[in-house]
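>
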Amino acid sequence: MSASTPHYVIDLPPVTGLPVAGTEALFPVRRVYCIGRNYAAHAIEMGHDPDREDPFFFQKNPDNLTTADTFPYPPKTEDVHHEAEVAVMLKSGGTNIPVEQALDHVFGYAVALDMTRRDLQALQKKLGRPWEISKAFEGSAPVGPIHPASAIGHPTEGRITLTVNDALRQDADLNQMIWKVPEQIACLSEYYELAAGDVILSGTPAGVGPVQRGDVVEVTVDGLGALRVAVV
Ligand code: MN
C-alpha cells in the first residue's frame, strides 16, 4: 500500500452499480437528476400549465436506484404513486454543454420508475418546502438494464407504458417530451457540472396513480424492454 493511498475512518460506502445489457460490467452511479412535468398531459393532470414552464429539476440519491424486483412500500405515506420514465446514463459531462453536443455524453438508456410519496409531496408544495422526502427515499427508483447508445442509438420516439396488475395506467410516446433529452442535458449543465456516472430521469407521462402492497407494476419502453416490480 503506497503512502498516498487514502485511509478511511469507516468502511467505504458501496457504489451503486447498475447492470448493462450485453456485459457483466456495471455502470457506477454518481448523481441522479430528475426533471419535473416533462409531458404536457402530466403537467395538466398535476394542475399546471405546460406552456409556461422552463424545465425544473430535483434529485434523488444514487443509492435510491435499485435493480430489485420488489418495491417495499415506504413509511410515512399512504399515497405512493408510480411514474414511468426513461433513465439516461451519462459517460461524460461538463458545464454549458451545447444542445447539439449533448448526446455525445450519453452512455445509454434504461426503463425506470420515479416512485413518489404523493401525499408528502403535496404537503411540501403547500408549505413551500423542498420535495426530497417525497422523492429521495429508499428504493424509490427501480431501474432496468441499461442499453448502450452504441447498440441502440438515441431513442426520440417510441411507446412508453405502465400497467398495474396488467391494467394500463400510463400510455404515451417519448416524442411527447416537452424538453427533449439533449435539452435536459444542456439545461442541467448550466446549473451543475455533469460527469460520468450521472443519471437523468426524463419525466413521466400522464396517468400517474397510487400503488398498493400486492400490486405488480410493469413499465415498458420500445427498444428498452420491460421493468417489473412487485409492491411488498
Ligand atoms: Mn418523475
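With my numbering as the guide, the letters of the sequence shown map in order to residues 25 to 256. Ideal placement from N, C-alpha and C gives every residue a C-beta, glycine not left out.
1. Tell me which residues share the same chain as residue 84 and place their Cβ nearer than 7 Å to its Cβ, disregarding the 5 neighbours each side in the sequence.
2. Would residue 248 pass as a contact of residue 63 if the rule is Cβ separation under 8 Å?
3. In whole angstroms, what separates the C-alpha of residue 245 from that of residue 182?
4. Listed by chain order, which residues have C-beta atoms less than 5 Å from any heavy atom of the ligand MN?
5. Throw me the rounded Cβ distance for the residue 227 and residue 105 pair, which I believe falls under 8 Å.
6. By the 10 Å Cβ neighbour count, where 16 or more other Cβ atoms means buried, how is residue 224 classified, buried or exposed?
7. Would you report the Cα separation of residue 190 and residue 28, rounded to the nearest angstrom?
8. What residue does the alpha helix (DSSP H) around residue 216 start on, and which one ends it?
9. Could you check what DSSP says for residue 84 in three-state terms: helix, strand or coil?
10. Nearest CA to the CA of residue 162: which residue from 170, 66, 87?
11. Whole beta strand (DSSP E) runs in the stretch 33-114 with 3 or more residues, listed along the chain?
12. Let me confirm a value: residue 136 is counted as buried when at least 16 other C-beta atoms fall within 10 Å, else exposed. Which label applies?
13. Going by DSSP, what residues sit across from residue 234 in a beta bridge?
14. Taking Cβ positions, are residue 102 and residue 128 nearer each other than 8 Å?
15. For residue 82 and residue 30, I'd like the C-alpha separation in whole angstroms.
Taking the structure as given:
1. Taking the first residue of the sequence shown as position 1, residue 84 is located at position 60. For residue 84, where only same-chain residues beyond five positions count, the Cβ hits under 7 Å are 56, 58, 159, 160, 164, 165.
2. Position 224 of the sequence shown holds residue 248. Position 39 of the sequence shown holds residue 63. Taking 8 Å as the Cβ cut-off, residue 248 and residue 63 do not qualify as a contacting pair.
3. Residue 245 sits at position 221 when you count from the first residue of the sequence shown. Residue 182 sits at position 158 when you count from the first residue of the sequence shown. Approximately 7 Å between the Cα atoms of the pair.
4. Taking each Cβ in turn, the ones that pass are 107, 138, 228.
5. As a working mapping, residue 227 is identified with position 203 in the sequence shown. As a working mapping, residue 105 is identified with position 81 in the sequence shown. Between residue 227 and residue 105, the beta carbon gap of about 14 Å keeps them out of contact (Cβ cut-off 8 Å).
6. As a first step, residue 224 must be located in the sequence shown, where it is residue number 200. It is buried - the Cβ of residue 224 has at least 16 other Cβ atoms within 10 Å.
7. In the sequence shown, residue 190 corresponds to position 166, counting from 1. In the sequence shown, residue 28 corresponds to position 4, counting from 1. Separation of residue 190 and residue 28 (C-alpha to C-alpha, rounded to the nearest whole angstrom) is 55 Å.
8. The residue labelled residue 216 in the question sits at position 192 within the sequence shown. For residue 216, there is no enclosing alpha helix (DSSP H), as DSSP marks it with neither H nor E.
9. Translated into positions along the sequence shown, residue 84 becomes position 60. Three-state result, residue 84: strand.
10. The count along the sequence shown starts at 1 and reaches residue 162 at position 138. It is 87.
11. Listed in chain order, they are 41-43, 50-52, 56-59, 81-84, 104-106, 108-114.
12. For the purposes of this step, residue 136 is taken as residue 112 along the sequence shown, with counting starting at 1. Residue 136 comes out buried.
13. For the purposes of this step, residue 234 is taken as the residue at position 210 of the sequence shown. BP columns for residue 234 point to 105.
14. In the sequence shown, residue 102 corresponds to position 78, counting from 1. In the sequence shown, residue 128 corresponds to position 104, counting from 1. Not a contact, by the Cβ cut-off of 8 Å.
15. The residue given as residue 82 occupies position 58 in the sequence shown. The residue given as residue 30 occupies position 6 in the sequence shown. Whole-angstrom Cα-Cα distance: 32 Å.
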